[in-house]
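Numbering (UniProt numbering) for the sequence shown: 1 to 291. For each residue, glycine too, the CB sits at the ideal point set by N, CA and C. All remarks here apply to the structure that follows.
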Amino acid sequence: MSERPTRTSWDKQEALARPVGLSKGGREAPVLVCADIERRFGGLRALKGVSLSVEKGEIFGLVGPNGSGKTTMVNVMTGFYPPSSGTVTLFGQDVSGIAPHRIASLGVARTFQNLALFKGMSVLDNIMLGRHTAMRPSALGTFFYWWWSQREELAHRRVVEETIEFMQLEDIRNEPVEVIPIGLQKRVELARALVAEPRFLILDEPMAGMNQEEKEYIARFILDAREERNTTILIIEHHMDVVTAICDRVVVLSYGEIIAEGEPRAAIADPAVVKAYIGERAARRQAGAAA
Ligand SMILES: Nc1ncnc2c1ncn2[C@@H]1O[C@H](COP(=O)(O)OP(=O)(O)OP(=O)(O)O)[C@@H](O)[C@H]1O
């Protein structure tokens, strides 16, 4: 496989030396504004009034110990769960509680914490599936089926081929997804999200189960997606070295509430955050001793 030029580091300063319309100071409307989001599951308050905003061109980190509400927050942003109260505004439009496919059609793509690839299908076919939000069949299109559909098909293929090259997946394009290593499967999932040409990309633990080298690769692809494709990115990630290296800002959740936010290194060093993670480790040790 042709290798992406190796980087000695994925230093944030270098990435930020080539900004892509980063809108500091509120010059442009934020991509995402979540205001006072509450989400209950029966008696459990998974989110307790969370407010955050993501600016255009940012890589924004959503972090916190296990069970703190990160995935629930993303599910609310993307329409998988309606908020119990509060509002979600995407690209200036109130989307609170609207269906996931309608939110996707605004230019939002996401990957999932647990791999959601289709076994038995090739890498190429899995990536092609990510293109379906951009396919808009129309009555006229159906009437002029041949000419129209072939033109469309070629355009979709071009985006898919560019993305396969961008993600360096050429050598395994025809492999069934289940036979390739987990690190590559994660890369295929990211490619499937990118072929939708999202304006806003949400990644739920894209580096779970990866070794250091694979993490550095994915980090590089994420930085490149922001720089070369003008994509705003929200990432849930447990690897703090990655978070501090690639994120512009973070919000830290604990028990459904924001306990720190801002510049990643400072936020993660906040005593409330250190305490929350120590509490999580202690709880895990206790659960292990009881088992
Ligand atoms: N569909 C659901 N029904 C009931 N409870 C849920 C549901 N989804 C999430 N929860 C609960 O809400 C809380 C937050 O869960 P969530 O998955 O959002 O946390 P998380 O920060 O993403 O955790 P992790 O890092 O382990 O993925 C947890 O207590 C979880 O058990």
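For the candidate residues E205, D204, I59, whose alpha-carbon lies nearest to that of R229?
When each option's Cα is compared against that of R229, the closest is I59.
Using C-beta distances below 7 Å, list every residue in its chain close to F80, excluding the 5 sequence neighbours before and after it, in chain order.
The beta carbon of F80 sits closer than 7 Å to the beta carbons of P100 from its chain, once the five residues preceding and following it are set aside; these are given in chain order.
Once you ignore the five residues that flank E214 on each side, which residues in its own chain have a CB closer than 7 Å to its CB?
Once the five neighbours on either side are set aside, the close Cβ partners of E214 are G183.
Paired residues, beta bridge with residue 323 - DSSP:
Nothing can be reported for residue 323, as the shown portion of the chain is limited to 1 through 291.
Environment of K186 [buried if 16+ CB atoms lie within 10 Å]
With 16 or more other Cβ atoms inside 10 Å of its own Cβ, K186 counts as buried.
Can you list the residues near ligand 1, meaning Cβ strictly closer than 5 Å to any non-hydrogen atom, in the order they appear in the chain?
Result (chain order): F41, A46, N66, G67, S68, G69, K70, T71, T72.
When DSSP labels each residue in this structure, what does G21 get in the three-state scheme?
Residue placement at G21 cannot be trusted, given a pLDDT of 39 that sits under 50; the coordinates are not used to answer.
Can you tell me the Cα-Cα spacing of F91 and K275, whole angstroms?
Computed Cα separation, rounded: 35 Å.
Is the segment 56 to 72 in contact with the segment 242 to 256, if contact means three or more CB pairs nearer than 8 Å?
Segments in contact, yes.
Please report how far the alpha carbon of R110 lies from the alpha carbon of L124, in whole angstroms.
For R110 and L124, the distance between alpha carbons rounds to 18 Å.
Quick one: which unbroken alpha helix (DSSP H) runs of 4-plus residues sit fully inside the segment 67 to 95? Chain order, please.
Within the segment 67 to 95, the complete alpha helix (DSSP H) segments at least 4 residues long are 70 to 77, listed from N- to C-terminus.
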